[in-house]
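Trainee: Encoded as structure tokens, here's the structure I'll be asking about.
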Amino acid sequence: SLSQGEQLEIDAGRLSPEAGELLSTFSVIAKHISSSDADAVGSFILSMTRSADDLLAVYLLAQYCGLSTAPIGGGTIKLRIVPLFETITDLQAAPGILNELLGISLVRRTVRDFRARQEIMLGYSDSNKDGGFLASNWELAKAQKRVAAVGRKHKVRISFFHGRGGSVSRGGAPTGRAIAAQPAGTVAGAMRVTEQGEVVSSKFANRGTGLNQLEVLAAGVLAHSVGSPGDVEPKETPEFDEALEALAGMSQASYARLMAEPGFLDYFNQASPVAELALLKMGSRPDRRFGASGIADLRAIPWVFAWSQNRHLLTGWYGIGSALSSFVTVRGEVGRELLARMFEHSRFFRLIIDEAEKTLYQSDMDIARLYAGLVSDSDAAERIYARIAAEYELTRHLIGDLTGGDLSARFPMFKRRFDNLRRQMDDIHRLQVDLLREVRANTGTADQKRATDALLVSINCISAGLGWTG
């Protein structure tokens, strides 16, 4: 319909309530843009974008509801339509989707109307849940480079909106270093980032910290924009990129083997308070997308939240040890020297290692074993726990070899802050394990209500100690 200028025909009487509400939303947007302010509405972000058709459907509905500047077959859409790529599969498909989209005349005209800039949102959470910490970050970096190349091909500037922040597993990292680690040529004078609710107070609670955060953000974007356009392919990039591709693949394979371990879903559900997190009434969305009970349908926030509560924190490091070990085994001393050079010269790789190291320091396999004791199948629990603990020790050892020091010794302020809280947090974890056992054993009783209230307090306490939720 878009390419041929056909009028969309909709029988309003046959629409579901949800479909009717969607059309009403577009109509309200059209009314405000036309009658008050063309900038009254910002970007329309389409989550879980998986094909060009997903986005074209938004263009079609916007056109139908009066957001077109001209009759069918001409004009532009008066709304910024932004795809959000979240899973690893979607990130890999993003360049092709954008290329197809920019081949459609209505889309090209619309993008030109918005100063020839197309915004692309990237999700850090679901890609982490898909493939683990290292693979997720590498796929995000590759997607940015390839999408930026598509933009250059179509003479469209690409502006990335990073849906990151909070925990390391969901893209949280020091602002300046996170910007500096973005691929060359992908910060073209503009960048949007999200700030997670649990870290807003620590960054913007007063004028001083708020101004500092904005200065760091502005300075980082300016420095990257000035430095990267003429340096799209730094000399080290091909060699480093090849190594990172191999490391990410091995890391993802290790992570996938853990996910496929028999009994893993039961381990996750029973050795963490994931089911009880919903009782907190925290957040604006349900914990699952489609109401199913599998990991695939669980939103990324409770996935990370649950692994932090039981101090496994595997979403921030699992698979890195296996990847480093395999890399050195296959490539020998040459591989070891290459990793050392990457740690020294690659901002991206350095940031990955630094944040994984800090997450390892917050992890505690002794506390994790207590939660593993909640799993009804003790044999499966021991097998899965042993696998996680072995990967923890391997990752800890190999990162130590790479950095040349004890875990988190390079981050004294971070280490001191967490050490000051560790004893109190360990006590709360032990109490939480007892409360989980009590809540699950006394369904529907007054004792369960009392234990549940105490359990929710313990979840908040642990979150406060870590400094984030999910």
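Following the working numbering, the numbering of the sequence shown begins with 120 at its first residue and continues without gaps. In this text, a Cβ means the ideal position worked out from N, Cα and C, and glycines have one as well.
What is the DSSP secondary structure of Trp587, reduced to helix, strand or coil?
Mentor: Coil.
Trainee: Classify Ser278 as helix, strand or coil using the three-state DSSP reduction.
Mentor: In this structure, Ser278 counts as strand in the three-state DSSP scheme.
Trainee: Using the Cα positions of Glu219 and Leu521, report the straight-line distance between them to the nearest angstrom.
Mentor: Approximately 43 Å, taken between the alpha carbons.
Trainee: Going by Cα to Cα distance, which pick from Asp485, Tyr386 and Gly222 is closest to Lys272?
Mentor: Ranking the options by Cα distance to Lys272, first place goes to Gly222.
Trainee: Taking buried to mean at least 16 other C-beta atoms within 10 Å of its own C-beta, is Ser278 buried or exposed?
Mentor: Under this definition Ser278 is a buried residue.
Trainee: Contact check, Asp173 vs Leu165 under 8 Å by CB: the rounded distance?
Mentor: So it is a contact: roughly 6 Å between Cβ atoms.
Trainee: Where do the ends of the alpha helix (DSSP H) carrying Phe446 lie?
Mentor: Segment Ile439 to His464, the alpha helix (DSSP H) holding Phe446.
Trainee: Mind reading off the beta-carbon distance from Lys477 to Val306? Whole number of angstroms is fine, and I expect it under 8 Å.
Mentor: Rounded, the Cβ-Cβ distance is 24 Å, inconsistent with contact.
Trainee: Starting from the C-beta of Glu334, find all residues in its chain whose C-beta is less than 6 Å away, skip the five residues before and the five after it, and write them out in chain order.
Mentor: Nothing listed; no residue qualifies.
Trainee: Alpha carbon to alpha carbon, how far is Leu443 from Arg450? Give it in angstroms, no decimals.
Mentor: When rounded, the distance between both Cα atoms is 11 Å.
Trainee: Along the chain, where does the beta strand (DSSP E) containing Pro214 start, and where does it finish?
Mentor: No beta strand (DSSP E) holds Pro214; the alpha helix (DSSP H) holding it covers Ile207 to Leu220.
Trainee: Reducing DSSP to helix, strand and coil, say where Leu203 ends up.
Mentor: DSSP places Leu203 in strand when its eight states are reduced to three.
Trainee: Using a Cβ distance threshold of 8 Å, determine whether the region 534-544 contacts the region 559-567, with at least three qualifying pairs required.
Mentor: No: fewer than three Cβ pairs fall under 8 Å.
Trainee: Kindly give me the distance between the Cβ atoms of Pro421 and Leu396, rounded to whole angstroms, as I take these residues to be in contact under 8 Å.
Mentor: So it is a contact: roughly 5 Å between Cβ atoms.
Trainee: First and last residue of the alpha helix (DSSP H) that includes Ile239?
Mentor: Careful: Ile239 lies outside any alpha helix (DSSP H), inside the beta strand (DSSP E) at Arg236 to Gly242.
Trainee: Helix, strand or coil, according to DSSP, for Ile486 in the structure here?
Mentor: It is helical.
Trainee: Roughly how many whole angstroms lie between the Cα atoms of Ile472 and Arg466?
Mentor: Cα to Cα, Ile472 sits roughly 10 Å from Arg466.
Trainee: Among Ile129, Gln211, Ile507 and Met461, which one has its Cα closest to the Cα of Tyr386?
Mentor: The shortest C-alpha separation from Tyr386 is found at Ile507.
Trainee: If you follow the alpha helix (DSSP H) that Ser143 is part of, which residue opens it and which one closes it?
Mentor: Looking at the DSSP string, the run of the alpha helix (DSSP H) that includes Ser143 is Pro136 to Ser154.
Trainee: Hey, how far is the Cα of Asp209 from the Cα of Leu203?
Mentor: For Asp209 and Leu203, the distance between alpha carbons rounds to 9 Å.
Trainee: Going by C-alpha distance, which of Tyr178, Ser170, Arg169 and Ser154 is nearest Phe163?
Mentor: Closest option to Phe163, Cα to Cα, is Tyr178.
Trainee: Do we get a CB-CB distance below 8 Å when we pair Glu463 with the residues of chain D?
Mentor: Here there is only one protein chain, and chain D is not present.
Trainee: Val345: which of Gln315, Ala372, Ala299 and Asp360 sits nearest, CA to CA?
Mentor: Of the listed residues, the one whose Cα sits closest to Val345 is Ala299.
Trainee: With 16 as the cutoff for other CB atoms within 10 Å, does Val147 come out buried or exposed?
Mentor: With fewer than 16 other Cβ atoms within 10 Å, it is exposed.
Trainee: In this structure, does DSSP put Glu355 in helix, strand or coil?
Mentor: Residue placement at Glu355 is flagged as unreliable, the pLDDT there being 49, under the threshold of 50; a coordinate-derived value is accordingly withheld.
Trainee: Whole angstroms is fine: what's the gap from Thr195's alpha carbon to Ala324's?
Mentor: Cα to Cα, Thr195 sits roughly 41 Å from Ala324.
Trainee: For Phe387, report the span of its alpha helix (DSSP H) as first-last.
Mentor: Note, Phe387: alpha helix (DSSP H), Phe383 to Gln389.
Trainee: Under 6 Å Cβ to Cβ from Cys580, same chain only, skipping five residues before and after it: list those, please.
Mentor: Ile547.
Trainee: Between Lys322 and Leu336, what straight-line distance do the alpha-carbon atoms span, to the nearest angstrom?
Mentor: Answer to the nearest angstrom: the Cα atoms are 12 Å apart.
Trainee: So, helix, strand or coil for Ile129, using DSSP?
Mentor: Looking at Ile129 - three-state DSSP - the assignment turns out to be coil, as it is neither helix nor strand.
Trainee: Starting from Ile223, follow the beta strand (DSSP E) in both directions and report where the run begins and ends.
Mentor: Where Ile223 is concerned, there is no enclosing beta strand (DSSP E), given that its DSSP letter is neither H nor E.
Trainee: Can you have a look at Ala138 and say buried or exposed, based on whether 16 or more other CB atoms are within 10 angstroms of its CB?
Mentor: Counting Cβ neighbours within 10 Å, Ala138 comes out exposed, since fewer than 16 surround it.
Trainee: If you count every other CB in all the chains shown that lies within 10 Å of the CB of Leu134, and 16 or more means buried, which is it?
Mentor: So Leu134 ends up on the exposed side.
Trainee: If we call anything under 8 Å between Cβ atoms a contact, is Ser320 one with Ser370?
Mentor: No; because the gap between Cβ atoms is not below 8 Å, this pair is not in contact.
Trainee: Below 8 Å between beta carbons: does that hold for Leu493 and Gln389?
Mentor: Taking 8 Å as the Cβ cut-off, Leu493 and Gln389 qualify as a contacting pair.
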